[in-house]
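Visitor: Can you keep this structure in mind? I'll have questions shortly.
Numbering (this note's numbering), first residue to last: 4 to 483.
Following this line, the structure appears as structure tokens:
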């Protein structure tokens with residue numbers, strides 16, 4: 004139940020060109036039902052908006068996972084592993100299609116419901132932030148004007164400021180308790196119509212925006228901590244979308260892998276981060292994230308081994324993982340099984356944001372948040388106290404407040420943000436400083452990747468406004 008709008012960012016120079024562009028599938032989908040209503044309802048738009056927020060989180064996660072070395076390609080020299088140019092037109096269009104739908108909900112809610120308006124502002128911000136994190140400058144201020152086929156690009160910092168305003172507007176609207184039209188629980192695929200949870204999520208996204216600026220002169224740790232005080236208090240508050248046509252998208256990657264459509268292999272960096280190789284301590288979360296390898300008896304092979312980014316599968320040939328010779332995303336994991344939610348933001352992540360923000364001025368608070376974040380993530384993964392506490396209390400992890408370092412905070416947060424697009428922001432802010440984190444084999448760039456090239460589809464439709472291409476090693480304004 005979606006109205007068909009021809010948004011400027013998917014037009015070339017005339018309406019007829021829409022159906023020749025990469026946006027054709029979007030309009031085919033919307034026009035397939037001859038009984039489709041012309042004016043969608045708020046609940047219908049809410050269902051679309053919350054569903055797409057989850058699915059676009061998966062799309063964005065798929066982009067960043069090789070860059071942060073959660074995943075690696077089993078084929079040597081794969082473009083995603085070695086930082087080659089990749090055309091992410093589909094990802095770009097998906098984000099703007101989602102924002103276009105949400106913008107319709109915003110317009111409809113503006114005079115009718117503070118709750119729907121608040122959610123709309125927040126979800127537009129959520130997608131806009133991802134675009135900003137990937138490309139920097141992007142269309143926003145003119146993006147939803149149907150008379151403008153070539154919207155201008157707002158600068159990197161203007162997009163950041165616009166995102167912050169949207170989040171603040173969401174907080175204002177979601178703080179109101181007198182809405183005459185309440186969120187429809189059945190249509191809200193993230194928080195089930197719970198306004199208070201949406202308000203906490205708005206504060207969570209604001210905390211993310213604030214901590215992203217940690218390397219800039221305007222950063223305020225005090226503002227981060229004040230924001231967090233209004234956000235999540237337990238795992239029960241986590242924002243995730245778990246309503247799928249068939250199954251969780253990561254579970255589909257895993258099942259495709261089992262069927263020899265070989266995606267979703269886990270990187271050596273991530274496996275060694277957990278299996279004791281890098282830090283000298285086995286992390287009990289590892290068996291909750293992937294299955295142990297199974298190899299022929301005549302091979303002396305570890306149970307937990309990842310694929311080297313850029314090198315491909317080390318036993319390939321002759322094996323193509325038919326014997327599970329390296330680890331990969333698992334459809335039996337509580338994080339990536341068929342019904343697992345695609346997580347937008349979690350309580351554990353926020354506790355790490357608290358630990359980082361408090362680090363310079365309040366080490367005891369930072370340390371308490373650091374330990375709480377690890378425990379929360381282990382609980383989320385279904386570990387018992389008996390399984391988790393030997394790790395948490397080990398001196399390698401439980402270093403005490405006086406010995407806490409930012410490197411330890413980032414090290415543990417790297418596990419918590421597994422498969423989430425936010426992980427790339429942390430990697431860049433941390434200058435890829437995880438232990439043993441190295442450049443991919445045969446990388447085409449001299450240093451770690453910091454941004455994406457603008458998509459070919461956008462250059463063909465709005466080329467006069469697309470900024471001059473910057474090297475993929477060029478840092479965004481907050482990544483100093």
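We treat Cβ as the ideally placed atom computed from N, Cα and C, and that holds for glycine.
Beta-carbon separation of residue 360 and residue 459 under 8 Å?
Guide: Residue 360 sits at position 357 when you count from the first residue of the chain shown. Residue 459 sits at position 456 when you count from the first residue of the chain shown. No, the Cβ-Cβ distance between residue 360 and residue 459 is not below 8 Å.
Visitor: For the beta strand (DSSP E) holding residue 346, just list the boundary residues, first then last.
Guide: The residue you call residue 346 lines up with position 343 of the chain shown. 345-348 is the span of the beta strand (DSSP E), which, as asked, contains residue 346.
Visitor: Do residue 275 and residue 380 have their C-beta atoms closer together than 8 Å?
Guide: The residue labelled residue 275 in the question sits at position 272 within the chain shown. The residue labelled residue 380 in the question sits at position 377 within the chain shown. Result no, Cβ atoms of residue 275 and residue 380 do not sit closer than 8 Å.
Visitor: For residue 129, does the three-state DSSP call read helix, strand or coil?
Guide: By one-based count along the chain shown, residue 129 stands at place 126. Correct three-state label for residue 129: helix.
Visitor: How would you write the range of the beta strand (DSSP E) that residue 139 sits in, first residue to last?
Guide: Translated into positions along the chain shown, residue 139 becomes position 136. Neither: residue 139 is in no beta strand (DSSP E) and is coded neither H nor E.
Visitor: Where does the unbroken alpha helix (DSSP H) through residue 97 begin, and where does it stop?
Guide: Your numbering for residue 97 matches position 94 in the chain shown. Where residue 97 is concerned, the enclosing alpha helix (DSSP H) stretches over 92-112.
Visitor: Got a sec? Which residues, its chain only, sit under 7 Å from residue 240 by beta carbon, not counting five neighbours each side?
Guide: Counting from one through the chain shown, the residue named residue 240 turns up at place 237. So the list reads 200, 203 and 350, once near-sequence residues are dropped.
Visitor: How should residue 74 be labelled, buried or exposed, when 16 other C-beta atoms within 10 angstroms of its C-beta is the threshold for buried?
Guide: Numbered from its first residue, the chain shown carries residue 74 at position 71. Buried is the call here.
Visitor: Let me know if residue 106 comes out buried or exposed under the rule of 16 or more other beta-carbons within 10 Å of its beta-carbon.
Guide: Counting from one through the chain shown, the residue named residue 106 turns up at place 103. The residue is buried, with at least 16 neighbouring Cβ atoms inside 10 Å.
Visitor: Take residue 340 as the anchor and find which of 251, 130, 297 and 133 has the nearest alpha-carbon.
Guide: Taking the first residue of the chain shown as position 1, residue 340 is located at position 337. The shortest C-alpha separation from residue 340 is found at 251.
Visitor: Pairs of beta-carbons, one from the region 188-200 and one from the region 49-59, closer than 8 Å: are there three or more?
Guide: Yes, since at least three Cβ pairs between the region 188-200 and the region 49-59 fall closer than 8 Å, the two stretches touch.
Visitor: Residues in the same chain with beta-carbon distance under 7 Å from residue 259, minus the five sequence neighbours each way, listed in chain order, please.
Guide: Mapped onto the chain shown, residue 259 falls at position 256. Around residue 259: 266.
Visitor: How big is the Cα-Cα spacing for residue 477 and residue 452?
Guide: Position 474 of the chain shown, counting from 1, holds the residue named residue 477. Position 449 of the chain shown, counting from 1, holds the residue named residue 452. One C-alpha to the other measures close to 8 Å.
Visitor: Mapping DSSP to helix, strand and coil, what is residue 219?
Guide: As a working note, residue 219 is residue 216 in the chain shown. Coil.
Visitor: In the DSSP output, which residue or residues are listed as bridge partners for residue 310?
Guide: The count along the chain shown starts at 1 and reaches residue 310 at position 307. Answer is 270.
Visitor: Could you tell me the alpha carbon to alpha carbon distance between residue 79 and residue 398, rounded to whole angstroms?
Guide: Taking the first residue of the chain shown as position 1, residue 79 is located at position 76. Taking the first residue of the chain shown as position 1, residue 398 is located at position 395. Going by the C-alpha atoms only, they are around 38 Å apart.
Visitor: Nearest-angstrom Cα distance between residue 406 and residue 394?
Guide: Here the question's residue 406 lines up with position 403 in the chain shown. Here the question's residue 394 lines up with position 391 in the chain shown. One C-alpha to the other measures close to 17 Å.
Visitor: Please return the same chain residues whose Cβ sits closer than 8 Å to the Cβ of residue 92, not counting the five positions on each side in sequence.
Guide: Looking up residue 92 in the chain shown gives position 89. 25, 458, 459, 460 and 461.
Visitor: Do you know whose CA, among 182, 475 and 138, lies nearest residue 122's CA?
Guide: Locating residue 122 in the chain shown gives position 119, where the first residue counts as 1. Minimum Cα distance to residue 122 is reached at 182.
Visitor: Just how far apart, CA to CA, sit residue 402 and residue 156?
Guide: Counted from its first residue, the chain shown places residue 402 at position 399. Counted from its first residue, the chain shown places residue 156 at position 153. If I take the Cα positions, the gap works out to 47 Å.
Visitor: Beta-carbon within less than 8 Å of residue 468's beta-carbon, same chain only, minus the 5 sequence neighbours each way: which residues are those?
Guide: Here residue 468 refers to the residue found at position 465 of the chain shown. Cβ within range, chain order: 142, 153, 154, 155 and 156.
Visitor: How should residue 127 be labelled, buried or exposed, when 16 other C-beta atoms within 10 angstroms of its C-beta is the threshold for buried?
Guide: The count along the chain shown starts at 1 and reaches residue 127 at position 124. Classification for residue 127: buried.
Visitor: Report all residues from its chain with a CB closer than 8 Å to the CB of residue 287; omit the five preceding and five following residues, and keep chain order.
Guide: The residue you call residue 287 lines up with position 284 of the chain shown. If we look at residue 287 and ignore the five residues flanking it on each side, its Cβ neighbours are 381, 386, 390, 391, 393 and 394.
Visitor: CA-CA distance, residue 316 and residue 273?
Guide: Your numbering for residue 316 matches position 313 in the chain shown. Your numbering for residue 273 matches position 270 in the chain shown. Going by the C-alpha atoms only, they are around 15 Å apart.
Visitor: Over the uninterrupted beta strand (DSSP E) stretch that includes residue 243, give me the two end residues.
Guide: Here residue 243 corresponds to residue number 240 of the chain shown, with the count starting at 1. Residue 243 -> beta strand (DSSP E) spans 242-244.
Visitor: Could you tell me the alpha carbon to alpha carbon distance between residue 164 and residue 139, rounded to whole angstroms?
Guide: Against the chain shown, residue 164 aligns to sequence position 161. Against the chain shown, residue 139 aligns to sequence position 136. Those two C-alpha atoms are separated by around 12 Å.
Visitor: Mind reading off the beta-carbon distance from residue 355 to residue 376? Whole number of angstroms is fine, and I expect it under 8 Å.
Guide: By one-based count along the chain shown, residue 355 stands at place 352. By one-based count along the chain shown, residue 376 stands at place 373. Right, the Cβ-Cβ distance comes to about 5 Å (below 8 Å), so this counts as a contact.
Visitor: For the candidate residues 160, 297, 346 and 428, whose alpha-carbon lies nearest to that of residue 246?
Guide: On the chain shown, position 243 is the one that residue 246 refers to. Per the Cα distances, 346.
Visitor: How about residue 393: is its C-beta nearer than 8 Å to some C-beta of chain D?
Guide: Any reference to chain D falls outside this structure, which holds one protein chain only.
Visitor: Give me the Cβ distance between residue 212 and residue 166, rounded to the nearest whole Å; I'm assuming they're in contact under 8 Å.
Guide: Walking along the chain shown from the start, residue 212 turns up at place 209. Walking along the chain shown from the start, residue 166 turns up at place 163. Sure, about 6 Å apart at Cβ, within 8 Å.
Visitor: Since residue 293 sits in a beta bridge, which residues does DSSP pair it with?
Guide: Here the question's residue 293 lines up with position 290 in the chain shown. The partner list for residue 293 (beta bridge, DSSP) reads 332.
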